[in-house]
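A quick write-up on the structure given underneath.
Residue numbers (mature numbering (1 follows the signal peptide of the UniProt record, and there is no 0)): -18 to -1, 1 to 452.
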């Protein structure tokens, strides 16, 4: 239950802002948090803090934690449920004042995060992510863990963080009404958390460009804040050239699973999102304060297949400055860029000093260097694997296995999901890299590319290497 609460918060905080009560003349275009200016970041953070102060934020958390709602949110329709949920939250934030009217949802550039961790330029989730730092960061555990409760879910946490974003946090609506809010946000120590091995451009590419099963139905095995952006790339590359006349009757845009009542979800069914006590559907909860923010949003899942076809709530993504930019533009013909990434970035800064002077620190030459290092390794590893394997899927699989072994041997190990995570998201299989490591140990898989270890070590350092990388 504690993970459910934490994910609800992360879903809200790693993403935010759009249009509703206050009119915005601009199109909604969501950008990576790393591309935000200081002023943009301050505006976003202030909006979330104000939403907490007004008692809106915790109502969205309560909706996310409502059991029947959560059942659909973390089932096979994860993308569409959260797309509706985040648009409602976004509309709420945009309604808070003229200064917030055009704020758009920032996404977490997770592929770059992974590149930085693998390259050794940072050591954990906190040091690798400016997003987590800007959202208030985390604190080390005190003498003992703290007992907290959010919306009736009790859990232990390392500390409770006070920051510009979290200073108005309230654990539930009753506490907000009674003016007994925590006014801090319970968090564990993110500096103790390693970046997961499945966060890299190879895995992202395979997941987005693969068939509909891992892209649409299998998302619960790897919940990330960037999944909505990833799905938009999937739609752009796989679906948009030949869009379905009926998204609810096309394998590229529809799958089904059971709701909390045990019945299969039909394309015509109303999305389950309940709020308040007693729990009422947000689509009919006219007296609830957050009801207005969902008006004008579609009530059925298939309508959310294409983010550019949502009327006044339509939005797109700008992947400029991220590791996903080339993938979104080139789709299936995408090939990892070579070392010119870093060089061209530096040349552009010299030719355009005005742009260089305002360039965000999170997309500095250091970050570009990490992306270039990963890209160069992928290019060489792919070429090496292509000498042995001819099928692109086999080549990609070999490269992914190389990276999994490197994580296991050199970056602290590869582990299964916690039992709490499995229960919350109804996950029955280990993460992809854990499956690879277990399969290699059993002899079910093999990396059949001679010399791949030397190629890996040409680009990366190994902490406490075993005989594989010695």
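Backbone N, C-alpha and C define an ideal beta-carbon position, used for all residues, glycine too.
Just so we're clear, the structure is a prediction, and the values are computed from it rather than from any experiment.
Review point. Looking at the unbroken beta strand (DSSP E) that takes in residue 141, where does it start and where does it end?
Key: 141 to 143
Practice item. Could you tell me whether any non-hydrogen atom of the ligand COA is closer than 7 Å to the CB of residue 75? Key: Although the ligand COA was asked about, the structure shown includes no ligands whatsoever.
*Counted within 10 angstroms of its Cβ, other Cβ atoms place residue 86 as buried (16 or more) or exposed*: buried
Given this structure, state the Cα-to-Cα distance separating residue 390 from residue 61, to the nearest angstrom. C-alpha of residue 390 to C-alpha of residue 61: approximately 30 Å in a straight line.
Margin query: Quick check on DSSP: helix, strand or coil for residue 30?
Written below: Here residue 30 carries a helix assignment [DSSP, helix/strand/coil].
Original post:
Where does residue 179 land, buried or exposed, given buried means 16+ other C-beta within 10 angstroms?
Top reply: buried
- Query: For residue 130, which beta-bridge partners are listed by DSSP?
  - Reply: 137
From residue 167 to residue 128, what does the alpha carbon distance come to, in whole angstroms? 12 Å
Inset, instruction - Within 10 angstroms of the Cβ of residue 396, are there 16 or more other Cβ atoms? Answer buried if so, exposed if not. - result: Label assigned to residue 396: buried.
Query raised in the report: What span of residues does the alpha helix (DSSP H) with residue 398 cover, start to end?
Result: It is not in any alpha helix (DSSP H) - residue 398 carries neither H nor E in the DSSP assignment.
Assuming residue 214 contacts residue 289 (C-beta within less than 8 Å), just tell me the rounded distance between them. 5 Å
Original post:
Grouping DSSP H, G and I as helix and E and B as strand, with all else coil, what is residue 187?
Top reply: The predicted model places residue 187 with a pLDDT of 48, which falls under 50 and marks its position as unreliable, so this point remains unresolved.
### Query
residue 393 to residue 93, Cα distance in whole Å?
17 Å
Quick check on DSSP: helix, strand or coil for residue 355? helix
**Request:** Could you give the DSSP three-state label for residue 14: helix, strand or coil?
**Result:** Three-state DSSP puts residue 14 in a strand.
**Of the listed residues 55, 100, 107, 116, nearest to residue 21 (C-alpha basis)** = 116
Continuous alpha helix (DSSP H) stretch holding residue 159: start and end
155 to 159
Open item on the list: Helix, strand or coil for residue 428? Go by DSSP, reduced to three states.
Closed with: coil
Problem set entry | residue 8 and residue 84 closer than 8 Å at C-beta | yes
Item checked: Beta-bridge pairing of residue 297 - partner residues as DSSP gives them -> Note: residue 297 sits in a beta bridge opposite 10.
- Query: Quick one: is residue 77 buried, meaning 16 or more other Cβ sit within 10 Å of its Cβ, or exposed?
  - Reply: buried
| query | Would residue 54 be called buried (16 or more neighbouring beta carbons within 10 Å of its own) or exposed? | reply | buried
Residue 40 classed as buried or exposed, judged by whether at least 16 other C-beta atoms fall within 10 angstroms: Per the 10 Å Cβ criterion, buried.
Using the three-state DSSP reduction, which class does residue 167 fall into: helix, strand or coil?
strand
### residue 299 to residue 211 span [Cα, whole Å]
7 Å
Go to residue 410, then tell me how far its alpha helix (DSSP H) extends in each direction, as first and last residue.
Premise fails: residue 410 is in no alpha helix (DSSP H) and is neither H nor E.
Contact check, residue 235 vs residue 221, beta carbons under 8 Å: Taking 8 Å as the Cβ cut-off, residue 235 and residue 221 qualify as a contacting pair.
Subject >> Cβ neighbours of residue 323 in the same chain (closer than 8 Å, five flanking residues each side left out) >> reply: At residue 323 the pLDDT is 33, less than 50, meaning the model places this residue with poor confidence and gives no usable figure here.
Q: Measure the alpha-carbon distance for residue 338 versus residue 379 and round it to whole angstroms.
A: Confidence at residue 338 is low in this model, with a pLDDT of 31, below 50, so its placement is unreliable and no value can be given for it.
How close, in whole Å, do the beta carbons of residue 498 and residue 381 come, if the pair is a contact with beta carbons under 8 Å?
For residue 498 there is no data in the structure shown, the boundaries of the chain being -18 and 452.
When the Cα atoms are used, what is the spatial distance from residue 304 to residue 436?
28 Å
What is the rounded straight-line gap between the Cα of residue 31 and the Cα of residue 152?
11 Å
Range covered by the alpha helix (DSSP H) that runs through residue 434 = 434 to 441
Q. Out of curiosity, what's the CA-to-CA distance linking residue 46 and residue 432?
A. 48 Å
If we count the other Cβ atoms within 10 Å of its Cβ and call it buried at 16 or more, is residue 17 buried or exposed?
buried
- prompt: Is the beta carbon of residue 44 less than 8 Å from the beta carbon of residue 160?
  reply: no
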